[in-house]
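Colleague: The sequence shown: position 813 = 813 (UniProt numbering), numbered continuously.
Quick reminder that beta carbons are idealized off the backbone N, C-alpha and C, glycines included.
Just so it is clear, the structure is predicted and the values come from calculations on it, not from any experiment.
Please see the structure below; I have some questions.
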Amino acid sequence: MAEFYNASENEKKINEDWKKKKLWEKAIKKNSGKEKFYFLDGPPFVTNEVHEGTMYTIFIKDSIIRYKLLKGFDVRAQPGWDTQGLPIEVVVEKKLGIKNKKEVKEFGEEKFVDACKDLVESYIKLNTDIILNYGVLWYYNEPYRTYKDKYIESVWYGIKKAYEKDLLYTGLKSTWFCVRCGTPMSNYEIRDKYYDKEDKSIYVLFELQDGRFLLVWTTTPWTIPSNAAIAVNSTFKYIEVETEGKTVIIAKDREPVLKELNKEYKILREIDGKDLVGLRYKHPFSDIPQIEKNADKIAMVIDGKEMSSEEGTPFVEINEGTGLVHSAPGHGESDYKIGMANSLPILSPVDENGKFTQESGWLSGEDVLNVNDKIIDYLKNKGILFAEKKIIHKYPHCWRCKTPLITRASQQWFLNIAKIKNELIDISKGINWVPPISHSMFASWLANAQDWVISRQRYWNTPMPIWKCSSCSEMLVISSKKELLDKAGIKEINDLHKSSLDKITIKCDKCGGEMKRVPDVMDVWIDSGSASFACIDYPANKEGFEKYFPADFISEGNDQVRGWFYSLLVIGYIATGQLPYKNVSMHKFIVGEDGNKLSKSEGNYKPISELIKEGYSRDALRITLLKHNLEDVAVFTLNELKDDTKTINLFYNLGNLYVSAKETLKNEKGQEINLRTEDKWIMSRWNRTKKLIQTDLDNFRTDLSLNKLTDFLVNDLSRTYIKLAKGRMFDDSDYTAFKTFEHILKELSIASSIFLPFISEKVFKMINRVGSTVTSEFPAVNDALIDDEIESRMERTMEILQGILSAREKLKLNLRRPLKKVTIPTVHSGLILEDVITRLGNILHVAYELDPNDFDPTIDFSKLKQRMQQNDITIATSKFLELTKETVIRNLREGLKLSSDGKDYSILSTEIDLKPKSKEEVQFVVSKDIVVIDSGINDEVKVLWIKREIIRAVQNIRKELKMNRTDSIKLYITIDNSPDNSIKSAIIKEILNKTGSEEGKTEKLLKMQDLNISSNNIVIEVYK
């Protein structure tokens, strides 16, 4: 009998029991010293409550960890939290009402750092409680926090290794820069942060010394004051045109631009690009200080044919612009490259607040993000603004505060990725990517990786461990707190953050001068990139490192190809010289019903903590998230969550069925076990399923393994085996079905705990008085019980059965109404399980031969047209008409083989319309089989029909009255106004047995119900 499973209440109790009994600790201890499995957690930022997208990743990790525990591995699973960097600072600034770095200093750096610590600890507690509430037991372990001193020491060790390997350098370089946060950004931080932005693009005339003009297009007018050169492609053809009284040069293939701008012009002549290289022009801002100082080094035409942008496209393109490119090496990565190649000065008169410096003359103090109109007016007044138009283009924004970025040259610290790129590519070939397509994404990113700007001008990050001498510029890179204390000659330091370290000076060994710390902090991705060894406290904990390193498994979303997967490889390899992780499970995102990434501001998801409060099953959420293919973007909906709750309820009802059968059976001892066909089949299916899900989990395919498990639970066990064997489970003379069910349910509860920990524990406890799924072992596969033949027969049987059930729906014959006969002329009896069809299909007889006299077979031309040309159909039809219907019927199993003029034709059995003569017979096609249903009613059909309808009615009455099977009731049944009807006499004993009832009446009538079955009036009376 189906019962409602109160998921919220049961899951809460089970969680409390796990905590009270410390089952996670016991499971870990049980496997101590066995083969190791090091899971490395990719630390999420603690700036908000976890949502369904975060939990999706956590559930994938938890499933693999639970599986490895059940398989006996010594598991290292430590949660981690990314606790530093801009994400935290931006939230704290918002809470404190701070708008910029100046206000941070006014507030006090030390107080600001303390506020960051308080914030992350509050979010760690909030999210740990939520995650534990969902049964993720490894969160009982002490997490690693990237702001802790021990962790910072490990990060410093990695930087020291980079220095020793000559991979750390400092230099003036043009990088993306956030003027609101006052710090540079790495390429991978902004790769997916391009948003639509409206800007003014302008066409500017640069006057050559000979009076001709170069036509240049730009979308960043504010960079023109820092222009150092104009690039052409020496292999392009250019043209001189006369327009608006000037001789203007533009690429020949870009002539259509003039028409787009509605300019009247006349082509004067064609010139080679190489003839433009080396020409000098008058700088539009020749009167500002930085241009005056560098006049002899800039304002020249250079060749850009060999140069490309950071995206790999040519620096001088023929598909956009004018074929002449404005180059400002201080304000663009590709501009910087071409500037260095041509020995151009790096002009970047913009401070960290995004304002022009005094080097910009009359522009000094202007905000570069808001100065374009003023610059355009200036160019217009000089008579060199050729045209302007608004454009909407993809433009990078800060990944945390959403401010539009600029490119700005500044003195920064870099990791020389170019030097080790080939090594990284080679060693990365040892990574196993799941799914395999992930490898190509990572390889592509790695092949295009650039030097990594790792310094930041912020506060709440790991400080750069570099001290420089103010006298001789000697540099010292510190790798640990102990080394710092020794070098500085101090006894203790309470905190390894900027506000504390900036006070510490070191005496220079070289000249005796004073060494001060480089004031920068590091890119937050250096923190998480160090996790493979830092969470083990390496190099301090060499024993732990040698035992566990490298990580056996990591898992995150596909955005981490250019994020954590990359930084983890780079820093791990630099620090240890080894591949830091072996296996990666990568998945796509969970999105809301609107198709967008889950966002609190968009309100397109329900907070994870509210789901529990509203009674949603924690296990159901796991199914909803984990069932999606790793390669697919998955849409999360509450309707899907509600639907997946049915699987949890079904599992619970299987447990109740077991308990009910256990309470009914009394003579278990000494019973022989004699497996019937359905018992052998379900044992075969279960052992095959165990084998398949182990293979999937060994390959880290949580999606495939979960779906195989739930398919077995729902379709094989519940919908098929239970329907076939349920009656036998309550048979005190034969315990085979019960023991088969008990064996499978116990093992299933353990295996399914990998994905559905709560309901699995509940069912496990229904079977076992002691123990827990958490401390169990994964059930072994018995290959001897896997029977290919019986599974093949059942598979075809179920195909036919599903066809019969579909035909019932079309004919409006419910399953309780028996079918007189089903004939399957296309199959031999030995290829299917006949008694499965009769029992599950409610069929009295199954036959395999048809009487030709009952049919007038013809060709179903609609099907034949799908594979034959019209001419062949005509010939095949004429040959078909020559056959007797006896021949057609006799050859249904093999199909018809026809021949005409030496050419062979075939007509499949499923392409033949049998056309039954009897109205009670209906033909339909199931896959490769023909099935004929005889829906006629005789006495045998009628008696069975009435019996099943009465049993169903009584069971529904029990359910309505909330009575268990063991609750005693009495039945009084009359058929056609007679208590002694012959039909009743034939069926009453089985009705009483099936419904757990006695015949008779009492004074307490509980329910009366009328039925009309095949013209028979039935009255059912239920008494207490």
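#1: Express the C-alpha separation of K646 and A7 in angstroms, rounding to a whole number.
#2: On the criterion of 16 or more Cβ atoms from any shown chain inside 10 Å, does E556 qualify as buried, or is it exposed?
#3: Where DSSP assigns a beta bridge to G80, which residues make up the other side?
#4: Just the Cα atoms here: how many angstroms apart are N32 and L23?
#5: Between G42, D275, Y238, Y203, which has its C-alpha nearest K263's C-alpha?
#6: If we count the other Cβ atoms within 10 Å of its Cβ and call it buried at 16 or more, is N10 buried or exposed?
#7: List the endpoints of the continuous beta strand (DSSP E) containing P184.
#8: For V966, which of K762, C401, L992, G936 has the nearest alpha-carbon?
#9: So P396 packs on I190, CB below 8 Å; how close in whole Å?
#10: Mark H331 as exposed unless 16 or more other C-beta atoms lie within 10 angstroms of its C-beta, in which case mark it buried.
#11: Please classify M307: is it buried, with 16 or more other beta-carbons within 10 angstroms of its beta-carbon, or exposed?
#12: Given a threshold of 16 other Cβ atoms within 10 Å of its Cβ, counted over all protein chains shown, does H845 qualify as buried or as exposed?
#13: What is the C-beta distance between F177 and T407, in whole angstroms, given that I count them as a contact (C-beta under 8 Å)?
#14: So, for C401: in the same chain, excluding its five sequence neighbours on each side, which residues have a beta-carbon less than 8 Å away from its beta-carbon?
#15: For E153, which residues of its own chain have a beta-carbon under 6 Å away from its beta-carbon, when the five flanking residues on both sides are left out?
#16: What is the C-beta distance between F758 and I14, in whole angstroms, given that I count them as a contact (C-beta under 8 Å)?
#17: Is the distance from the Cβ of N233 to the Cβ of K305 below 8 Å?
#18: Work out the CA separation of E546 and L501 for me, nearest whole Å.
#19: Do three or more CB pairs link the segment 642 to 659 to the segment 709 to 717 at distances below 8 Å?
#20: Opposite M766 in the DSSP bridges: which residues?
#21: Pairing CB atoms from the segment 101 to 111 with CB atoms from the segment 55 to 69, are three or more of them under 8 Å?
#22: According to DSSP, is L844 helix, strand or coil?
#23: I believe S455 touches Q412 by the beta-carbon criterion, under 8 Å. Please report the beta-carbon distance rounded to the nearest angstrom.
#24: Thinking C-beta only, is D559 closer than 8 Å to H628?
#25: What does E1022 pair with, by DSSP beta-bridge criteria?
#26: Identify every residue that forms a DSSP beta bridge with Q411.
#27: Would you kindly work out how many angstroms separate the C-alpha atoms of S997 and Y972, rounded to a whole number?
#28: In whole angstroms, what is the alpha-carbon distance linking L568 and S705?
#29: Taking 8 Å as the CB-CB limit, is E1003 close to chain C?
#30: As a quick exercise: from T974, K942, T995, pick the residue whose alpha carbon is nearest that of S968.
#31: So, using beta-carbon positions, are I504 and R517 closer together than 8 Å?
#32: According to DSSP, what are the bridge partners of C469?
#33: Rank E631, I427, L675, D594 by C-alpha distance to the C-alpha of T576 and give the top, closest one.
#34: Could you name the residues of the same chain whose beta carbon sits closer than 7 Å to that of P779, not counting the 5 residues immediately before and after it, in chain order?
#35: Since I believe T1002 is in contact with V932 (beta carbons under 8 Å), could you give me their beta-carbon distance rounded to a whole number of angstroms?
#36: Using a Cβ-Cβ cut-off of 6 Å (strictly less than) and excluding sequence neighbours within five positions of L276, which residues of its own chain qualify?
Modeller: Considering the structure as presented:
#1: 11 Å
#2: buried
#3: Y144
#4: In the sequence as displayed, the identity of residue 32 is Ser instead of Asn. Cα to Cα, S32 sits roughly 14 Å from L23.
#5: Y203
#6: buried
#7: 183 to 185
#8: Val is not the amino acid found at residue 966; the sequence shown has Thr there. The option with the nearest alpha carbon to T966 is L992.
#9: 4 Å
#10: buried
#11: buried
#12: exposed
#13: 7 Å
#14: L86, V90, C178, R180, C181
#15: S480, K481
#16: 5 Å
#17: yes
#18: 31 Å
#19: yes
#20: Its beta-bridge partners do not exist; DSSP assigns none.
#21: no
#22: coil
#23: 5 Å
#24: no
#25: Sequence check: residue 1022 is Val here, not Glu. Answer is L971, K1007.
#26: L172
#27: 10 Å
#28: 28 Å
#29: Looking for chain C here will not work: only one protein chain is present.
#30: T995
#31: yes
#32: M515
#33: I427
#34: K690, E747, I750, A751
#35: Actually they do not touch by this definition, with Cβ atoms about 49 Å apart.
#36: V232, V301
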